[in-house]
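Numbering (my numbering), first residue to last: 4 to 415. All C-beta atoms in this analysis are idealised placements derived from N, C-alpha and C, irrespective of residue type, glycine included. These notes are about the structure you will find just below.
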Ligand code: DI6
Ligand code: FE
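So, in structure tokens, the structure goes:
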């Protein structure tokens, strides 16, 4: 399908998108509206409905989608994209048989990125990270969550959060998460409790005071932090009025899903080893499951997250890139949608809902973004495709035809 490039009158405050196949995700589930019209007013969706009900009145600019698929802007609700350097050499070690955990215990892994990130100036970190953000945005992503977690001291965690915040622009929204409890930094080796104490006494208060974090995350794992240590981080976050989320049950079942649910977490992420009881607890708490097929693929894991149980318990499943230098050096939303289907068995519609509706909820932004409904932000993508299955199968072949962010056509 080929469509002309839209001429865009920047003076107009309203858009009339006509002849769309709109995957609205309205009413909390995947749904499609054929022959749809969408009218924006400023940065909001003022109306969406069948073309026959579209009133021609009002001055707005027409964008003819010519039957193309229109979706909400994609939401990548779990990334670690602010970091310096890369870990290609480590990937080679893994290809020769070393495991992720072995490399981490030998001082590589997260800690090697910490060294590079601490050494980088904010400007250099920003330059390196922006490339990744722009690549995600080019794939139709309009909201990205970015975690810190490669600074691991107060000064460098705040540096990473400031860089992340500064990457938000008039074409992509950035939401930030403090992940001070990502790994024990080398200077605290063998003293994880003392490090957690520092995260609670200094890092969380400093990030909260500067308004640099929208939420707090932790890595609850044998090579990360114990459930007890995670609990301390969560209690501190709650005391500072910050919502929590958790890297839970990625490599082993430490009861992370239950712990996240107990604190009313926005999301529990990874979940490959989560138990049925953990899934049930998430359902009761309204905690979103964030599936990260990129890390599963890169680590060549064999145990899949409990997708069947998540469906049975009606836990919303979000899908995200986990973009990070070690386990998911991937900035392609289309590849992630594909992997969610091929590796985890999601349907293309579930995968799309996972990168829109449910991802928005995983960020606590379900009232603002993630579906095409009157009153929501006019963040949407007109695709060179006509159905979600194309987005999830034609890897690297499908690009957005146009992206509208806050009611404005994103200029290339
Ligand atoms: N789980 C992950 O997949 C990333 N962090 C985490 O806690 C990996 C981060 C890295 O290897 O740099
Ligand atoms: Fe992660």
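**Report entry** Closest residue to residue 250 among 368, 286, 225, 328 (Cα-Cα distance)
**Finding:** 225
Query raised in the report: For residue 201, which of 188, 212, 165 has the nearest alpha-carbon?
Result: 188
Query - Rounded C-alpha distance that separates residue 437 from residue 328 - result: Nothing about residue 437 can be reported from this structure: the residues present for the chain run from 4 to 415 only.
Query raised in the report: Which whole-angstrom value is the C-beta distance of residue 385 and residue 68, which I expect to be below 8 angstroms?
Result: 5 angstroms
Query raised in the report: So, helix, strand or coil for residue 148, using DSSP?
Result: strand
Report task. Please check the pair residue 321 and residue 357, which I expect to be a contact at CB under 8 angstroms, by giving their CB distance rounded to whole angstroms. Result -> 5 angstroms
Report task. Identify which residue in 84, 309, 17 has its Cα closest to the Cα of residue 181. Result -> 84
Query raised in the report: Going by the CB atoms, is the gap between residue 166 and residue 129 shorter than 8 angstroms?
Result: yes
**Report entry** Bridge partner(s) assigned by DSSP for residue 75
**Finding:** 383
Report task. Note down, in chain order, each residue of its chain lying with its Cβ closer than 7 angstroms to the Cβ of residue 92, except the 5 sequence neighbours on either side. Result -> none
Query raised in the report: Can you find a heavy atom of the ligand DI6 that lies under 7 angstroms from the Cβ of residue 270?
Result: no
Query - Sequence-distant residues of the same chain with beta carbon closer than 6 angstroms to residue 362, five excluded per side - result: 78, 80, 321
Query raised in the report: For the region 94 to 174, which segments carrying the alpha helix (DSSP H) assignment without a break, of at least 4 residues, lie completely within its bounds, in sequence order?
Result: 103 to 108, 113 to 122, 125 to 141, 157 to 170
Query raised in the report: In three-state terms, what does DSSP make of residue 53?
Result: strand
Report task. Just grab the DSSP bridge partners of residue 270 for me. Result -> 248, 291
**Report entry** residue 56: CB within 7 angstroms of a non-hydrogen atom of the ligand FE
**Finding:** no
Query - residue 337 to residue 174 span [Cα, whole Å] - result: 19 angstroms
Query - Chain-order list of residues whose beta-carbon lies under 7 angstroms from that of residue 239 (same chain, five-residue window excluded) - result: 203, 207
**Report entry** residue 372 versus residue 99 - alpha carbon distance
**Finding:** 43 angstroms
**Report entry** Anticipated Cβ contact below 8 angstroms, residue 275 with residue 299, distance rounded
**Finding:** 7 angstroms
Query - Inter-residue CB distance, residue 267 and residue 281 (contact presumed, cutoff 8 angstroms) - result: Not confirmed; about 15 angstroms, so no contact.
Query raised in the report: Should residue 355 and residue 391 be called a contact, given that it needs their Cβ atoms to be closer than 8 angstroms?
Result: yes
Query raised in the report: Is any heavy atom in the ligand MG found nearer than 7 angstroms to the beta carbon of residue 333?
Result: What this structure holds is the ligand DI6 and the ligand FE, not the ligand MG.
**Report entry** Residue interval of the beta strand (DSSP E) (run including residue 38)
**Finding:** 35 to 44
Query raised in the report: Which of the three DSSP states, helix, strand or coil, is assigned to residue 340?
Result: helix
Report task. Can you say whether residue 213 is buried or exposed, counting buried as having 16 or more other CB atoms within 10 angstroms of its CB? Result -> exposed
Report task. Apply the 10 Å Cβ neighbour rule to residue 388 and answer buried if 16 or more other Cβ atoms are within range, or exposed otherwise. Result -> buried
Query raised in the report: Between the beta-carbon of residue 21 and the beta-carbon of residue 56, is there less than 8 angstroms?
Result: no
Query raised in the report: In chain order, what residues of the same chain have a beta carbon less than 7 angstroms from the beta carbon of residue 295, not counting five sequence neighbours either side?
Result: 81, 272, 273, 323, 325, 331
Query raised in the report: Excluding five sequence neighbours on each side, which residues of the same chain lie with their C-beta closer than 7 angstroms to the C-beta of residue 367?
Result: 246, 269
Query raised in the report: Taking DSSP as the reference, what is the three-state secondary structure of residue 307?
Result: coil
**Report entry** Inter-residue spacing [alpha-carbon to alpha-carbon] between residue 39 and residue 75
**Finding:** 14 angstroms
**Report entry** Where the alpha helix (DSSP H) containing residue 196 begins and where it ends
**Finding:** 195 to 201
Report task. Quick one: residues in its chain with C-beta nearer than 6 angstroms to the C-beta of residue 36, no 5 flanking neighbours on either side, listed in chain order? Result -> 25, 27
Query raised in the report: Buried or exposed: where does residue 62 fall if 16 or more other Cβ atoms within 10 Å of its Cβ makes it buried?
Result: exposed
**Report entry** Reduced DSSP secondary structure (H/G/I, E/B, other) of residue 235
**Finding:** helix
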